[in-house]
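A short write-up of the structure that comes next.
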């Protein structure tokens, strides 16, 4: 039996998903478990959404009592095996039998309970992890509690930062109300007079990872570090960036049931998908007209302020543009009125529809992603898988996965710009359009796109090596 790894996370596909975290926690264990060197399992909260869809497949393992300040809460531990990976679920109706995952006034208390429950469960489970691998702020306290109480002898810890912007801030007086650990440990949790779940994971973990090499460097700086940059000065030797992958079976234009004309590399079939999408969305049907798309949350992080500044000007070109997403009212309102001004050229679909999203990927020539910051980004990887050319800002994982096209050497799989500047975005868009209309350059670019591969295999090898290094450090201690 290989090394035992327990992933601790607040979401995981296919059980519950609000963003890319669920894709990572859902896919990475599946790949790691294909070899004999690791046995990776996952532990999650048992939300109402999971109860409704999966409860009939679960088995009750045990129950544990979890101290939450002066109170005691019961945690029922369930398990099931799905696609060869073992999952545990922590059930407590008071905290988790609610609609949705986040956004409640007591989110801090809910995930304090969750992390306490993970640690209380470890001694009674028949699975004793060699490594506890926690993901993002909701699981950060599990690393701290593991270091403080040592529920499994010699267990090492890894903490992965998916987005440092969201840190899990709790009032300082909650330490006495919720945390059942000695006061001497408050320093490892406290930050700027508050309790910070993200900081607690960074402070206590043996190794820290984040989801791209460039983001690992960026978060050491005040601009990207969201106030935590200084802590990495002490931990920089323990911080590593490992790029995410995508599930190539899930995102496969050859087998995707959502698209009408399946393909692998065929541009003819991509054009067929474009014509079908144009007809569905009420755009003029013309498979030769370049189609630019965005599939995104409509929030500042995704570069919407840049798009606002230049979209009307770019739409004066002979192109079409499709935007799918939902988010802040400011941007939804802008997109609605931008479509009104540019009928026949722009469609703004304000909502989210997974089937339509796949059809847009399959139809598009260019995928626009001008993010203010992007820890890794999955959308540009999906776009490449569907043979669409990404246009991105050089930040985080976008910089690590999209190489700018070089028309001299005919290298690169996309277009990029360096500064968060609307005119640089507009220049990149116009350069992409110029390349589209040059048959030789366009053919070379598409050839490079076709070679792009961001499966989980390479990333999984890096994680396996990281786990091995922790094992060696233990034996050499």
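In the UniProt record's numbering, the protein residues as written are 1 to 477. All residues carry an ideal CB built from backbone N, CA and C; glycine is no exception. The model shown is predicted, which means the values in this text are computed figures rather than measured ones.
Pairwise C-alpha distance: residue j and residue i
i           : j           : result
residue 79  : residue 251 : 28 angstroms
residue 63  : residue 42  : 17 angstroms
residue 138 : residue 199 : 11 angstroms
residue 21  : residue 327 : 18 angstroms
residue 257 : residue 269 : 15 angstroms
residue 213 : residue 349 : 33 angstroms
residue 148 : residue 182 : 9 angstroms
residue 332 : residue 45  : 32 angstroms
residue 336 : residue 472 : 57 angstroms
residue 57  : residue 82  : 10 angstroms
residue 306 : residue 124 : 53 angstroms
residue 452 : residue 71  : 53 angstroms
residue 290 : residue 408 : 23 angstroms
residue 405 : residue 429 : 13 angstroms
residue 151 : residue 121 : 9 angstroms
residue 188 : residue 203 : 6 angstroms
residue 113 : residue 27  : 26 angstroms
residue 340 : residue 285 : 19 angstroms
residue 378 : residue 245 : 8 angstroms
residue 234 : residue 87  : 34 angstroms
residue 69  : residue 51  : 27 angstroms
residue 441 : residue 163 : 36 angstroms
residue 431 : residue 412 : 14 angstroms
residue 309 : residue 375 : 24 angstroms
residue 354 : residue 253 : 14 angstroms
Residue range of the unbroken beta strand (DSSP E) whose run includes residue i
i           : result
residue 134 : 131–135
residue 241 : 239–241
residue 272 : It is not in any beta strand (DSSP E) - residue 272 instead sits in the alpha helix (DSSP H) that spans 267–281.
residue 88  : 85–91
residue 159 : 156–161
residue 248 : Counting along the chain, residue 248 falls outside any beta strand (DSSP E), and DSSP gives it neither H nor E.
residue 4   : 3–8
residue 195 : 194–196
Nearest to residue i (by Cα), restricted to the options the options
i           : options               : result
residue 59  : 65, 66, 76 and 367    : 76
residue 73  : 116, 87 and 281       : 116
residue 389 : 351, 86, 415 and 397  : 415
residue 165 : 274, 372, 367 and 278 : 372
residue 247 : 454, 467 and 469      : 454
residue 215 : 161, 189 and 234      : 161
residue 5   : 244, 325 and 33       : 33
residue 240 : 209, 253 and 230      : 209
residue 65  : 92, 85 and 82         : 92
residue 400 : 211, 285 and 18       : 211
residue 266 : 449, 14 and 61        : 449
residue 361 : 343, 227, 380 and 351 : 380
residue 271 : 225, 163, 310 and 386 : 386
residue 420 : 304, 186 and 205      : 304
residue 363 : 277, 442 and 437      : 277
residue 273 : 281, 261 and 280      : 261
residue 49  : 358, 19 and 100       : 100
residue 294 : 314, 442, 324 and 122 : 324
residue 280 : 224, 263 and 359      : 359
residue 315 : 345, 466, 287 and 410 : 345
residue 143 : 206, 249 and 282      : 206
residue 159 : 133, 174 and 19       : 133
residue 243 : 15, 463 and 14        : 463
residue 127 : 16, 3, 353 and 282    : 3
residue 196 : 275, 249 and 140      : 140
residue 174 : 186, 163 and 167      : 186
residue 170 : 105, 9, 375 and 227   : 105
Where the alpha helix (DSSP H) through residue i begins and ends
i           : result
residue 208 : That residue, residue 208, is in no alpha helix (DSSP H); its beta strand (DSSP E) goes 207–210.
residue 114 : 107–121
residue 25  : 20–32
residue 74  : From DSSP, residue 74 is part of no alpha helix (DSSP H) but of the beta strand (DSSP E) over 71–82.
residue 59  : Here residue 59 belongs to no alpha helix (DSSP H); instead the beta strand (DSSP E) covers 59–68.
residue 214 : 213–218
residue 479 : Look at the range of the chain in this structure, 1 to 477, and you will see that residue 479 is not part of it.
residue 178 : 174–178
residue 234 : 231–235
residue 54  : 48–54
What alpha helix (DSSP H) runs, 4 residues minimum, are completely inside the UniProt domain "Glycosyl transferase family 1" (284–442)? 304–314, 329–341, 354–363, 379–385, 396–401 and 422–436
When you compare the segment 415–424 with the segment 382–400, are there three or more beta-carbon pairs, one atom per stretch, that lie closer than 8 angstroms? yes
Touching by the beta-carbon criterion (3+ pairs, under 8 angstroms), the segment 219–228 and the segment 311–320: no
Three or more C-beta pairs below 8 angstroms linking the segment 287–299 and the segment 329–347: yes
Across the segment 423–432 and the segment 454–468, are there enough close Cβ pairs to call them in contact, namely three or more that are closer than 8 angstroms? no
If we count Cβ pairs, one from each stretch, closer than 8 angstroms, do we get three or more for the segment 97–114 versus the segment 178–198? yes
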